[in-house]
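Count along the sequence shown from 1, then add 6; that gives the number in this note's numbering.
To keep things clear, I will list the structure first and then write my remarks on it.
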Amino acid sequence: MSIRKIDSKGRITIPKRDRERIGATRFLIVNAGDHLKLLPVPDNPLDALKGSLSIPKSFNEMRREAEKLATSEATKQSWDSRPLTRRKT
Numbered sequence: 007m008s009i010r011k012i013d014s015k016g017r018i019t020i021p022k023r024d025r026e027r028i029g030a031t032r033f034l035i036v037n038a039g040d041h042l043k044l045l046p047v048p049d050n051p052l053d054a055l056k057g058s059l060s061i062p063k064s065f066n067e068m069r070r071e072a073e074k075l076a077t078s079e080a081t082k083q084s085w086d087s088r089p090l091t092r093r094k095t
């Protein structure tokens with residue numbers, strides 16, 4: 007921990023050892039009321055998320071299943087909404 011002074015342009019210098027330890031070059035500044043928080047932001051946030059979600063099927067497989075389900079539901083709904091007719095005996 008170290009004390010830093012804000013320069014005439016409103017900047018604060020983060021010591022090199024701290025920057026290297028964190029490994030980030032971009033930060034999100036969060037106003038926490040009585041203090042500020044610096045949160046590291048990856049250079050490419052989408053790359054940072056890669057692999058964090060486990061999706062067992064490909065997009066195309068999920069799309070085909072969704073289409074089948076939608077077709078099945080639509081068919082069932084249209085069948086259920088038909089008026090009942092009596093058989094002639």
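Note that beta-carbon positions come from the ideal geometry of N, C-alpha and C, so glycine has one too.
Going by beta carbon distance, what residues of the same chain come within less than 8 Å of residue 33, once the five residues before and after it are set aside?
-> 44, 45, 46 and 47
Ordered along the chain, which non-local residues of its own chain (more than five positions away) have a Cβ less than 8 Å from that of residue 23?
-> none
Counting only runs of 4+ residues fully inside the segment 26–59, write out the alpha helix (DSSP H) ranges in chain order.
-> 51–55
Inter-residue spacing [alpha-carbon to alpha-carbon] between residue 53 and residue 76 = 33 Å
With distances taken Cα to Cα, identify the nearest neighbour of residue 25 among 58, 7 and 40.
-> 7
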